[in-house]
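Peer 1: Below is a structure I'd like to ask you about.
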Amino acid sequence: MNDRRTALALDELSWIDVAAHLARDPRLLMPVGALEQHGPHLPLGSNVLIGR
236 MNDRRTALAL DELSWIDVAA HLARDPRLLM PVGALEQHGP HLPLGSNVLI GR
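Structure (C-alpha cells):
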C-alpha cells in the first residue's frame with residue numbers, strides 16, 4: 236500500500252465508486268458534526284462544514 240493520501244467526499248460519490256475505492260484502500264475517516272443553530276448568519280451545517 237502506498238502512502239499517497241487522497242481526500243474524498245463520500246456524499247459526492249456513488250456507492251459503486253466508494254466500494255471501488257475501499258477495495259483499493261480500506262482506510263476510511265468519516266468526520267461527523269452536529270446540526271444546530273449558530274445564529275441567523277450561519278447555516279445549520281456549520282459544524283459539518285468545519286469538519287470537512
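Heads up: take any position in the sequence shown, counting from 1, add 235, and you land on our numbering.
Positions of the beta carbon are idealized from the N, C-alpha and C atoms, including for glycine.
#1: From which residue to which residue does the alpha helix (DSSP H) around residue 258 run?
#2: In whole angstroms, what is the alpha-carbon distance linking residue 251 and residue 280?
#3: What distance in whole Å lies between the Cβ atoms of residue 245 and residue 253, which are believed to be in contact at a cut-off of 8 angstroms?
Peer 2: Looking at the coordinates:
#1: Residue 258: member of the alpha helix (DSSP H) spanning 250–259, first to last residue.
#2: Roughly 26 angstroms between the two C-alpha positions.
#3: Cβ-Cβ separation between residue 253 and residue 245: approximately 6 angstroms, consistent with a contact (criterion under 8 angstroms).
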